[in-house]
Structures are given as structure tokens and as C-alpha cells.
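Note sheet for the following structure.
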Amino acid sequence: PAEDMIAVLSNSDQLRILQIDTGQELTHLTVTPSPQSRELHLRPYRNRLVVLPEAVTDSDAQNDYLPVSDGVHVYGHAYGIDRSTMSLSWQQPLGHCFIRTLTPDLAPILPNVPLLVLVTRYQLEPEGGLPFGPSRHGARVIDVETGEDLFHPNDPVGVTLNDHWLQPDPEARKVYVSFERQIVTFDYNPPVPAEKQP
Numbered sequence: 021p022a023e024d025m026i027a028v029l030s031n032s033d034q035l036r037i038l039q040i041d042t043g044q045e046l047t048h049l050t051v052t053p054s055p056q057s058r059e060l061h062l063r064p065y066r067n068r069l070v071v072l073p074e075a076v077t078d079s080d081a082q083n084d085y086l087p088v089s090d091g092v093h094v095y096g097h098a099y100g101i102d103r104s105t106m107s108l109s110w111q112q113p114l115g116h117c118f119i120r121t122l123t124p125d126l127a128p129i130l131p132n133v134p135l136l137v138l139v140t141r142y143q144l145e146p147e148g149g150l151p152f153g154p155s156r157h158g159a160r161v162i163d164v165e166t167g168e169d170l171f172h173p174n175d176p177v178g179v180t181l182n183d184h185w186l187q188p189d190p191e192a193r194k195v196y197v198s199f200e201r202q203i204v205t206f207d208y209n210p211p212v213p214a215e216k217q218p
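Residue 45 in our numbering sits at position 25 of the sequence shown, and the numbers go up by one each step.
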């Protein structure tokens with residue numbers, strides 16, 4: 021439970037947030053359906069609550085939802101809720117992807133980090149008569165305030181997740197997300213006016 025709240029999804033498209041200790045309904049929203057959801061993950065951020073469903077459909081390939089390291093599988097639609105008004109701010113379709121649990125003492129994902137980092141896994145075409153192709157990891161980074169994709173490359177970000185970490189730098193107003201093949205910087209400094217640019 022996130023801050024004594026739970027999320028409930030009924031009929032695939034009726035999303036409710038409930039207060040655990042009182043049972044009070046904090047919001048009731050009609051959302052884009054996420055069919056056959058088995059679990060809901062509620063993640064608090066500074067200005068948003070993000071609800072991520074987990075589902076497996078009959079047509080899914082088995083590799084779509086096998087765990088990635090210690091990752092949590094999500095599938096369906098992500099829903100961003102404004103914490104001040106409890107209204108729906110955004111919703112985004114999700115393919116099969118994972119929220120990877122990072123080592124808390126080295127690179128925690130804090131509630132005030134404005135990013136949702138999702139990891140995907142897919143297999144390349146097999147070669148040389150092998151039954152399976154090599155696996156690769158992709159990534160998707162979503163702005164939790166707006167629901168916009170900030171980073172969603174077509175190319176893989178690595179073979180393993182050994183170098184996957186997230187590091188906020190409050191003084192520089194930047195957040196760094198590392199993958200095996202690159203470190204991505206998200207800069208939250210206000211833009212420099214054109215007349216002051218070098």
C-alpha cells in the first residue's frame with residue numbers, strides 16, 4: 021500500500037483509490053480498460069499517484085512476462101492521478117515491461133523522482149540453427165507529471181541490467197539513469213533565454 025491507500029480496478033475500466041484505515045473512497049475514475057488485470061501497483065510521487073496494472077492474456081508469449089532480474093511485471097495501461105484533485109492527469113498504454121527494483125542503499129528510486137523507468141526484454145532472431153535468439157533489454161522513461169515519453173529508443177540499451185541505476189542530483193537539478201550502453205541525463209533546469217546563451 022502507498023501511504024495507506026490502495027487502488028481497485030473493477031470491470032477493467034473503473035479505477036478507485038481507497039483509504040485503508042477508513043475505507044473512504046478518495047476518487048472514482050473511468051479509465052481506458054486494462055483487461056484481465058491480476059494485480060495493481062500503486063506508486064506515490066510528489067504530485068502524482070501512478071497506478072500500474074499487471075496482466076497476462078491468453079495470446080501472450082511466455083517470454084513476455086518472465087521476470088527480468090528482480091523486476092515487477094506490468095502490462096495494460098498506466099494511470100497518473102493528480103494528488104491535489106484526485107483527478108486523472110494522464111494514461112499511457114503499456115506493453116509487457118518491468119519495474120526493476122534497484123538496490124536501496126546504492127540507487128533508490130525516491131518518491132520525489134519525477135521519472136518512471138520501465139525495462140523491456142525481447143529476443144533477436146535465432147542464427148546458426150539455434151532454437152532461440154539472444155535476448156536484449158530495451159527501456160522506456162515516462163514523465164510522471166505529464167505521462168509523456170522522455171526516453172524510448174528503438175535500439176536496445178544493453179544485454180544485461182548490471183549497470184542499471186538511477187541517481188538524482190538535487191543541486192544540479194538533474195536525474196541520471198544508467199543502462200549498460202549509455203547514461204541518460206534528464207535536466208530540470210529552467211531554459212536559458214536566447215539572449216543569454218553563449
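A virtual CB, placed ideally from N, CA and C, is assigned to each residue, including glycine. What you are looking at is a predicted structure, and each value in this text was computed from that prediction instead of being measured.
Collapsing the DSSP output to three states places residue 207 in a strand. Looking only at 24, 201, 191 and 108, the smallest Cα-Cα distance to residue 173 is reached by 201. Contact between residue 158 and residue 134 does not hold, since their C-beta atoms are separated by about 21 Å, which reaches or exceeds 8 Å. For residue 33 and residue 171, the gap between their C-alpha atoms comes out near 27 Å. Here residue 145 carries a coil assignment [DSSP, helix/strand/coil]. In the DSSP annotation of this structure, the continuous segment of the beta strand (DSSP E) that includes residue 196 starts and ends at 194-198. When secondary structure is reduced to three states using DSSP, residue 112 falls in the strand class. Nearest C-alpha to residue 115 among 147, 77, 184 and 28: 77.
The Cβ-Cβ distance between residue 94 and residue 72 falls below 8 Å. Distance between residue 161 and residue 65, taken at the CA atoms: about 15 Å. Taking residue 181 as reference, the option from 189, 193, 168 and 203 with the minimal CA-CA separation is 203.
In the DSSP assignment, residue 50 is bridged to 34.
Rounded to whole angstroms, the gap between the alpha carbons of residue 68 and residue 211 is 24 Å.
Taking every protein chain shown into account, the CB of residue 40 has fewer than 16 other CB atoms within 10 angstroms, so this residue is exposed. When the alpha-carbon of residue 45 is set against those of 58, 143 and 24, the nearest one is in 24.
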